[in-house]
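In the order they appear, the protein sequences are chains A and Z.
According to numbering that gives the first Met the number 0, the first sequence holds residues 0 to 337 in order.
According to numbering that gives the first Met the number 0, the second sequence holds residues 0 to 283 in order.
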Amino acid sequence: MEHFLLEKNRLNEFLSALRNYEVFAPVRKVGLTVFELITNPKEAMLDLKNQPQSPKRVIFPQSEILLVFDKNNAAKEPKGRVGQKPQVVFGVRPCDARGFHMLDPVFEREYPDPYYLQKRQSTLLVGFHCSEPYPNCFCTSVGGNPSSPEGLDILLTDLGEQYFLEVITSKGEQVAKEGAAVLSSPTSQQQTEKEKLSGMAPQKIRRTIDTEGIASKIEKHFDHSLWRELSGKCISCGICTYTCPTCHCFDIQDERVRGRANRLRIWDSCMFPEYTLHASGHNPRPTRTERLKNRMYHKFKQNIDLYGVPGCVGCGRCITLCPENVDLVANLKVIKNL
Amino acid sequence: MTENPYLPRRAKIESIKQETTGERIIKTFAVVIEDQAYRERFQHKPGQCAMLGINGVGESMISIASSPTNKEFLNFSVMKLGKVTSAIHELEAGDLITIRGPYGNNFPLDEWYQKNIITIGGGIGQAPLRSIIQYVLDKKGEFGGLDIIYGARTTADLCYREDHFQTEQSVFWQRRNVRVHLSIDVPEAGWDRFVGVVPDNLLRLKPSPENAIAITCGPPVMIKFVIKNLLALGFKDEQIYTTLENRMKCGIGKCGRCNVGSFYVCKDGPVFSYARLKNLPEKG
Chain A
0 MEHFLLEKNR
10 LNEFLSALRN
20 YEVFAPVRKV
30 GLTVFELITN
40 PKEAMLDLKN
50 QPQSPKRVIF
60 PQSEILLVFD
70 KNNAAKEPKG
80 RVGQKPQVVF
90 GVRPCDARGF
100 HMLDPVFERE
110 YPDPYYLQKR
120 QSTLLVGFHC
130 SEPYPNCFCT
140 SVGGNPSSPE
150 GLDILLTDLG
160 EQYFLEVITS
170 KGEQVAKEGA
180 AVLSSPTSQQ
190 QTEKEKLSGM
200 APQKIRRTID
210 TEGIASKIEK
220 HFDHSLWREL
230 SGKCISCGIC
240 TYTCPTCHCF
250 DIQDERVRGR
260 ANRLRIWDSC
270 MFPEYTLHAS
280 GHNPRPTRTE
290 RLKNRMYHKF
300 KQNIDLYGVP
310 GCVGCGRCIT
320 LCPENVDLVA
330 NLKVIKNL
Chain Z
0 MTENPYLPRR
10 AKIESIKQET
20 TGERIIKTFA
30 VVIEDQAYRE
40 RFQHKPGQCA
50 MLGINGVGES
60 MISIASSPTN
70 KEFLNFSVMK
80 LGKVTSAIHE
90 LEAGDLITIR
100 GPYGNNFPLD
110 EWYQKNIITI
120 GGGIGQAPLR
130 SIIQYVLDKK
140 GEFGGLDIIY
150 GARTTADLCY
160 REDHFQTEQS
170 VFWQRRNVRV
180 HLSIDVPEAG
190 WDRFVGVVPD
200 NLLRLKPSPE
210 NAIAITCGPP
220 VMIKFVIKNL
230 LALGFKDEQI
240 YTTLENRMKC
250 GIGKCGRCNV
260 GSFYVCKDGP
270 VFSYARLKNL
280 PEKG
């Protein structure tokens, strides 16, 4: 596919040129940056290496209406994305792009989920190569790469004053066409520079874990007393699941507001006791120990059984953002060494 | 875009029967799906479940307590416990409810041709077993004997009481090798059948494992001891079946919470052979 050069000081012009798309980018909001719809390219905050929340929410929102109930209490589907502009998510990191590959089979298989699939099919991902990974990044241990185009439609590499722009898919080609006026051709020197950066990136990942054999270790030592120690610090806050690009668990709740009623899908967390609580009062995962173990089991055993890959892209958010320093990589190493 | 799996259909409640008057009230609802096309497509097999709901309140996964040989209506036995089941208990005959499904796997009845069937139920655990019991009674020629072992805490907690008594007393069914073995946990005046817990009744009855399939459903602790006793009676792992339940929201293997090991109970269950169940890391 084609290669272009985008001058950094013309980035806003490039984003403005994408008139046939709704553009999502990291936006500063109450001290956090989150991926949101932007109307002005100046809103895009591209200074962070990665955002505390993954772009998962653009396609799988924290809360969305599944059904609307009319006056006669009959269920109707909301309009959905039919007839709307396609979406571009700008500023996606390679790990988060792979995160969508982990979500896809959950929502595609057996009972295709129209809410996820409509948005997924009409959304393009424009990503940034990671030249300076975070200290807790471990994507290379779970099949990722900080300079990988996997799952992206366009990949940008920071060359200092310019971005090296690679078109990965035909969908990405359409975006490049719209912004063609501000794109130029890279020199062979810039091409070489880009390749050098791509080659160097994986070596900058500081945390590693050999995940070979972890699945069988988790299963073999399912009743080991060590799980209690590993979960000792956990406070069941759920931040690991809310920031995870591959967590897909949700709750369904009906809400009534001023005589109108909706059925909503809301992110849920396997860290909460209510998640598995039966109406009878029985809870198959009553303590933090069963819940933390289940999360690791889901990511590194169940996901492999179901979809052939671990349900983790190594973004490191659950480690960085955990208020109690529960460390997934360290925990995996403990299990591995059992 | 393909069909929306979350869109429920309306069903009319034809009749309601209050099963229990004990501490936990169970009502059995007979419902008919309104939309003809959906009704015809809704071909369940014994063991499967469906999402029942009330728009604006929520949905609950409930076992289908009637056999597919019954073409008139679907039965659901609902215990009044949480928000949704309490709201369902408020409904009356003629009211509308929502339904989607059927969900989950089923009992492998095709593999049980001419086998002796033994059902061992406790409390509301008899609901999924009732789909099998009715099926076997309707297609008795395809099966060997049928032993219905069922118990509850008190007579007020026994589900499908009249049905069970009728089958128990019926000379027609006795001649066809159908036996009913009821029990209650504590003695009551006028009760001349077994008093004690279901696993003990099973040990007393000593059904033969020869050419037999045992299916159990009830509280987790009951299932545990029933399986232990079946193994002691010589039943092999692959002769023992149970149905599991877990909290569910989607019913289609996406919302995450009902997993037991790598299986989702809603989609890969609720029916598990003990051969499959015993290798799972947690038992629900």
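Using N, Cα and C, we set each Cβ at its ideal position, and we do this for glycine too.
Between which two residues does the alpha helix (DSSP H) harbouring residue i extend?
i: residue 296 (chain A); result: 287–296
i: residue 43 (chain Z); result: From DSSP, residue 43 (chain Z) is part of no alpha helix (DSSP H); its letter is neither H nor E.
i: residue 94 (chain A); result: 93–107
i: residue 161 (chain A); result: No alpha helix (DSSP H) contains residue 161 (chain A), which is instead part of the beta strand (DSSP E) from 161–166.
i: residue 199 (chain A); result: 187–199
i: residue 172 (chain A); result: 169–177
i: residue 200 (chain Z); result: 197–204
i: residue 224 (chain Z); result: 219–231
i: residue 317 (chain A); result: 316–320
i: residue 273 (chain Z); result: 273–276
So which of the options has the shortest CA-CA distance to residue i?
i: residue 200 (chain Z); options: Z:155, Z:182 and Z:91; result: Z:182
i: residue 221 (chain Z); options: Z:59, Z:259, Z:164 and Z:120; result: Z:120
i: residue 265 (chain A); options: A:0, A:59 and A:9; result: A:59
i: residue 263 (chain Z); options: Z:33, Z:70 and Z:247; result: Z:247
i: residue 200 (chain A); options: A:129, A:333, A:256 and A:124; result: A:129
i: residue 142 (chain A); options: A:18, A:232 and A:95; result: A:95
i: residue 322 (chain A); options: A:49, A:103 and A:239; result: A:239
i: residue 133 (chain A); options: A:320, A:189 and A:329; result: A:320
i: residue 258 (chain A); options: Z:60, Z:54, Z:175 and Z:211; result: Z:54
Could you list which residues in chain Z have their beta carbon closer than 8 Å to that of residue i, in chain order?
i: residue 223 (chain A); result: By Cβ distance, chain Z contributes nothing, its closest Cβ being about 11 Å from residue 223 (chain A), past 8 Å.
i: residue 269 (chain A); result: 255 and 256
Would you say residue i faces chain Z, with C-beta separation under 8 Å as the test?
i: residue 309 (chain A); result: no
i: residue 249 (chain A); result: yes
i: residue 301 (chain A); result: yes
i: residue 283 (chain A); result: yes
i: residue 275 (chain A); result: yes
i: residue 99 (chain A); result: no
i: residue 66 (chain A); result: yes
i: residue 255 (chain A); result: yes
i: residue 72 (chain A); result: yes
i: residue 305 (chain A); result: yes
i: residue 63 (chain A); result: no
For residue i and residue j, I'd like the C-alpha separation in whole angstroms.
i: residue 0 (chain Z); j: residue 153 (chain A); result: Low confidence applies to residue 0 (chain Z): its pLDDT is 48, below 50, so where it sits in the model is not reliable, and the reading given next is rough at best. Straight-line Cα distance between these residues: approximately 27 Å.
i: residue 37 (chain A); j: residue 117 (chain A); result: 20 Å
i: residue 12 (chain Z); j: residue 29 (chain Z); result: 6 Å
i: residue 3 (chain A); j: residue 178 (chain A); result: 11 Å
i: residue 269 (chain A); j: residue 204 (chain Z); result: 43 Å
i: residue 306 (chain A); j: residue 254 (chain Z); result: 16 Å
i: residue 262 (chain A); j: residue 52 (chain A); result: 25 Å
i: residue 275 (chain Z); j: residue 99 (chain A); result: 32 Å
i: residue 97 (chain A); j: residue 163 (chain A); result: 21 Å
i: residue 316 (chain A); j: residue 242 (chain A); result: 6 Å
i: residue 39 (chain Z); j: residue 101 (chain Z); result: 12 Å
i: residue 40 (chain A); j: residue 217 (chain A); result: 46 Å
i: residue 93 (chain A); j: residue 312 (chain A); result: 9 Å
i: residue 109 (chain A); j: residue 251 (chain Z); result: 8 Å
i: residue 29 (chain A); j: residue 63 (chain A); result: 22 Å
i: residue 279 (chain Z); j: residue 240 (chain Z); result: 14 Å
i: residue 195 (chain A); j: residue 140 (chain A); result: 21 Å
i: residue 81 (chain A); j: residue 129 (chain Z); result: 45 Å
In chain A, which residues lie with their C-beta within 7 Å of the C-beta of residue i?
i: residue 135 (chain Z); result: Residues of chain A passing the Cβ test: none, with the nearest at roughly 28 Å.
i: residue 229 (chain Z); result: What residue 229 (chain Z) touches in chain A: nothing, since even the nearest Cβ is about 22 Å away.
i: residue 158 (chain Z); result: Simply none; closest approach about 16 Å.
Just to make sure I have the definition right: I need the residues of chain A whose C-beta is within less than 8 Å of the C-beta of residue i. Which are they?
i: residue 253 (chain Z); result: 105, 106, 110, 112, 247 and 249
i: residue 80 (chain Z); result: 278 and 279
i: residue 245 (chain Z); result: 275, 277 and 283
i: residue 249 (chain Z); result: 249 and 251
i: residue 269 (chain Z); result: Correct list: empty, because the minimum Cβ distance to chain A is about 14 Å.
Closer than 9 Å by beta-carbon distance: list the chain Z residues that pair up with residue i, in chain order.
i: residue 76 (chain A); result: 3, 5 and 6
Is the CB of residue i under 8 Å away from at least one CB in chain A?
i: residue 215 (chain Z); result: no
i: residue 76 (chain Z); result: no
i: residue 0 (chain Z); result: Here the model assigns residue 0 (chain Z) a pLDDT of 48, short of 50, so the residue's position is not dependable and the matter cannot be decided.
i: residue 84 (chain Z); result: yes
i: residue 281 (chain Z); result: yes
i: residue 62 (chain Z); result: no
i: residue 115 (chain Z); result: no
i: residue 261 (chain Z); result: yes
Assuming residue i is part of the beta strand (DSSP E), what are its boundary residues?
i: residue 76 (chain Z); result: 73–78
Using a C-beta to C-beta distance shorter than 7 Å, which residues of chain Z count as neighbours of residue i?
i: residue 260 (chain A); result: 54 and 55
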